Amino acid sequence: MIHNLKQEIEAVLPEVIAIRRDIHKHPETGFREFRTSGIIKDYLKDLNLDSIQECAGTGVIATLNDGKPGRRAMILADIDALPMEEKSGEPFAAEIKTAGHCCGHDAHAAIQLGIAKILAAHRDEIPGSVVFLFQPNEEDAGAQIMIDDGAVEKAGRPDAIFGSHNSPAIRLGQFGVVPGPSMASSYYYKILIRGKGGHGGRPHTAVNPVDASAFVLIAIKNMLTAEQNALNPTVITNCMIHGGEKEITIPETCEMQGSIRCLHTEHEKVHARFREVVAAACAINGCSCEVELKCGNSLLYNDPQITELCAKTIEEAFGEGCIVTEDVKAMGGDDYAEFLPYMPGCYFWYGTADDTGEWPGLHNPAYRFNEKAIAPFMEAQIRCVLKYLEQK
Ligand SMILES: [Zn+2]
Ligand SMILES: [Zn+2]
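In the numbering used here, the protein residues as written are 810 to 1201.
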């Protein structure tokens, strides 16, 4: 359909790199991506698209071939930076210390603009419609805010959604993808344990919520090992305990925070049992408790059919061995998953690591994005979307 795809990608590459470096130099964190969003909208305006809509403030949804019969595919790119100082050493490193593109979303955004340009130039040949969604605040559940602001309707209820992420853990030219559960659901918990304050020398006259927190920790670990099916990965990690102000004073309360991650669909059962176990561990210490659970992101479940189509398409283009399935599943998450109750999809990783340097991991201050990954990824993403649209 696009006969000279590689050449067309080569032609747009300098523009993509220039935009990505510009966004990189001016990082903006979640829902403050005003400049980034402006660059995206300005670029899209010149592409002869059918609509460009704002969503959730800095989000952008642009449609190509709106109303054309056939399938409707959506591609998602995130655009936010992290609230951290980058130490990449790049000449176009961030000008500020309070934000940095240490997850590569600058590249994600710029690449999607390049993809939009190429597809828009072939709009008449494309057998369906394509929606380009630019999502703010991936690092803190921005997708749900877009959905709450009508993203699915604004996008014209697509039939499928395609997502992706760069990976310094995968070799350049390789792609990581698995069908089914691919990234865990992640819920953040906050437990407020209530006891009764008192003198440290007279613990029998008080109820110590700090003691109870130790029981809660053990009870959670025991529940994990004794009750959870080890073949359905579940991780509960407590990362914060706050209680007490002075060494001789028993506090009234103690707070615990952490996350529950499930790489399977039974997360509700795990959450219910978690609440029971925490309450029981508090109760035997004479404490009461309140447990809050907040969704960080849902389970990322790759649709088996679309995933097979993507893997085959990528393999046809890049040869045998380019698809990796080992170490692809992760207990981390991506809020791309929030769209999956509305439409099936496939999310894959593209490798950025080669022998030309060190490629520190995502969210590492020294993280750098390998620009050599842009062309192969663009080709893979375009081919997958076109192949999907061709299958009526
Ligand atoms: Zn990230
Ligand atoms: Zn990311």
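Yeah, the Cβ is synthetic: ideal placement off N, Cα and C, and Gly gets one too. Since the structure is predicted, the reported quantities are computational estimates derived from the model, not experimental observations.
Alpha helix (DSSP H) segment containing Thr1122, residue limits: Position 313 of the sequence shown, counting from 1, holds the residue named residue 1122. First-last of the alpha helix (DSSP H) with Thr1122: Pro1113 to Phe1127.
Neighbourhood of Ala964 by C-beta distance below 6 Å, restricted to the same chain and skipping five residues each side: Here residue 964 refers to the residue found at position 155 when the sequence shown is read from its first residue. Once the five neighbours on either side are set aside, the close Cβ partners of Ala964 are Ile870, Met883 and Val940.
8 Å contact criterion, which Arg880 and Leu1198 should meet: CB distance rounded: On the sequence shown, position 71 is the one that residue 880 refers to. On the sequence shown, position 389 is the one that residue 1198 refers to. Approximately 5 Å separates the beta-carbon atoms of Arg880 and Leu1198; this is inside 8 Å, confirming the contact.
Option in Ala1182, Ile1045 and Arg1177 with minimal Cα separation from Leu981: On the sequence shown, residue 981 is found 172 positions in, with the first residue counted as 1. Among Ala1182, Ile1045 and Arg1177, the Cα nearest to that of Leu981 is on Ala1182.
Cβ shell of Ile835 (< 6 Å), same chain only, five flanking positions each side left out: The residue labelled residue 835 in the question sits at position 26 within the sequence shown. For clarity, residue 835 is His in the given sequence; the question names Ile instead. Result list for His835: Arg844, in chain order.
Local conformation of Met893 per DSSP, three classes: Residue mapping note: residue 893 aligns to position 84 of the sequence shown, counting from 1. It is coil, neither helix nor strand.
Own chain residues within Cβ distance below 8 Å of His1076, not counting five before or after: On the sequence shown, residue 1076 is found 267 positions in, with the first residue counted as 1. Cβ neighbours of His1076 within its own chain (closer than 8 Å, five residues either side excluded): Ser994, Tyr996, Ile1069 and Leu1108.
Supposed close pair Ile828, Ala925 - CB separation, criterion 8 Å: Stepping through the sequence shown from its first residue, residue 828 is reached at position 19. Stepping through the sequence shown from its first residue, residue 925 is reached at position 116. With a beta-carbon spacing of about 12 Å, Ile828 and Ala925 fall beyond the 8 Å limit used to define contacts.
8 Å contact criterion, which Ile1050 and Leu1033 should meet: CB distance rounded: For the purposes of this step, residue 1050 is taken as residue 241 along the sequence shown, with counting starting at 1. For the purposes of this step, residue 1033 is taken as residue 224 along the sequence shown, with counting starting at 1. Contact between Ile1050 and Leu1033 does not hold, since the beta-carbon distance rounds to 18 Å and is not under 8 Å.
Extent of the continuous beta strand (DSSP E) run through Thr1161: On the sequence shown, residue 1161 is found 352 positions in, with the first residue counted as 1. First-last of the beta strand (DSSP E) with Thr1161: Gly1154 to Ala1162.
Residues sharing a beta bridge with Lys1005, DSSP: Position 196 of the sequence shown, counted from the start, is the residue given in the question as residue 1005. Answer is Val1016, bridged to Lys1005.
Proximity winner among Lys1201, Glu1188 and Gln1200, relative to Leu814 (alpha-carbon distances): If you number the sequence shown from 1, residue 814 lands on position 5. Among Lys1201, Glu1188 and Gln1200, the Cα nearest to that of Leu814 is on Glu1188.
Contact under 8 Å by Cβ, Leu922 with Ile1027: In the sequence shown, residue 922 corresponds to position 113, counting from 1. In the sequence shown, residue 1027 corresponds to position 218, counting from 1. Against a cut-off of 8 Å, the Cβ pair of Ile1027 and Leu922 comes out as no contact.
Burial state of Cys1048 (16 or more Cβ within 10 Å): Residue mapping note: residue 1048 aligns to position 239 of the sequence shown, counting from 1. Label assigned to Cys1048: exposed.
Rounded Cβ spacing between His931 and Ala886 (contact assumed at less than 8 Å): As a position in the sequence shown, residue 931 is number 122, starting the count at 1. As a position in the sequence shown, residue 886 is number 77, starting the count at 1. Rounded, the Cβ-Cβ distance is 19 Å, inconsistent with contact.
Beta-bridge partners of Arg1070, as assigned by DSSP: Counting from one through the sequence shown, the residue named residue 1070 turns up at place 261. Per the DSSP secondary-structure output, Arg1070 pairs in a beta bridge with Ser995 and Val1044.
Limits of the beta strand (DSSP E) - the one that Arg880 falls within: For the purposes of this step, residue 880 is taken as residue 71 along the sequence shown, with counting starting at 1. From DSSP, the beta strand (DSSP E) with Arg880 extends over Arg880 to Asp887.
Test item: CB-CB of Pro1018 and Cys1071 under 8 Å: On the sequence shown, position 209 is the one that residue 1018 refers to. On the sequence shown, position 262 is the one that residue 1071 refers to. Contact flag unset, no.
Beta carbon of Ile1115 nearer than 8 Å to that of Ala969: Here the question's residue 1115 lines up with position 306 in the sequence shown. Here the question's residue 969 lines up with position 160 in the sequence shown. For Ile1115 and Ala969, yes; Cβs fall inside 8 Å.
contact_flag[the stretch 1118–1130, the stretch 1161–1168] where n(CB pairs < 8 Å) is 3 or more: Verdict: no, contact absent.
N-terminal and C-terminal residue of the alpha helix (DSSP H) that Leu764 is part of: No statement about residue 764 is possible, as the shown extent of the chain runs from 810 to 1201 and does not include it.
In chain order, each beta strand (DSSP E) run of at least 3 residues that lies wholly inside the stretch 912–985: Runs found: 937–944 and 969–980.
Contact set for His1008: own chain, Cβ-Cβ below 8 Å, skip 5 residues either direction: Looking up residue 1008 in the sequence shown gives position 199. Hits under 8 Å: Thr1014, Ala1015, Ile1057, Thr1058 and Ile1059.
Ligand 2 heavy atom lying under 7 Å from the CB of Asp915: Counting from one through the sequence shown, the residue named residue 915 turns up at place 106. Because no heavy atom of ligand 2 lies under 7 Å away, the Cβ of Asp915 does not count as near it: no.
Backbone CA spacing between Gly959 and Lys1103 [nearest angstrom]: Here residue 959 refers to the residue found at position 150 when the sequence shown is read from its first residue. Here residue 1103 refers to the residue found at position 294 when the sequence shown is read from its first residue. The straight-line gap from Cα to Cα measures roughly 21 Å.
Cβ-Cβ separation, Phe1157 to Phe984 (assumed contact under 8 Å), whole Å: For the purposes of this step, residue 984 is identified with residue 175 of the sequence shown, where counting begins at 1. For the purposes of this step, residue 1157 is identified with residue 348 of the sequence shown, where counting begins at 1. Right, their Cβ atoms sit about 5 Å apart.
Boundaries of the alpha helix (DSSP H) in which Gly847 is found, first to last residue: As a working note, residue 847 is residue 38 in the sequence shown. First-last of the alpha helix (DSSP H) with Gly847: Phe843 to Lys854.
Other residues of its chain near Pro823: CB distance less than 7 Å, five sequence neighbours each side excluded: Reading the sequence shown from its first residue, position 14 is the one you call residue 823. None.
Sequence-distant residues of its chain with Cβ nearer than 7 Å to Glu894 (five each side left out): Counted from its first residue, the sequence shown places residue 894 at position 85. Around Glu894: Lys906, Gly909 and Pro1174.
Any non-hydrogen atom of ligand 2 within 7 Å of Glu934 CB: On the sequence shown, residue 934 is found 125 positions in, with the first residue counted as 1. Answer for Glu934: no, Cβ out of range of ligand 2.
Among Pro1185, Lys1196 and Lys1201, the one whose alpha carbon lies nearest that of Gln816: What you label residue 816 is simply residue 7 of the sequence shown in a count that begins at 1. Minimum Cα distance to Gln816 is reached at Pro1185.
Nearest residue (CA-CA) to Val1100, options Asn1094, Thr1122, Leu1118 and Met1065: Here residue 1100 is taken as the residue at index 291 of the sequence shown, counted from 1. Ranking the options by Cα distance to Val1100, first place goes to Met1065.
Contact under 8 Å by Cβ, Ala890 with Pro945: Here residue 890 refers to the residue found at position 81 when the sequence shown is read from its first residue. Here residue 945 refers to the residue found at position 136 when the sequence shown is read from its first residue. Contact: no.
C-alpha distance - Gly1170 paired with Glu819, whole-angstrom precision: The residue given as residue 1170 occupies position 361 in the sequence shown. The residue given as residue 819 occupies position 10 in the sequence shown. One alpha carbon belongs to Gly1170, the other to Glu819, and they sit about 27 Å apart.
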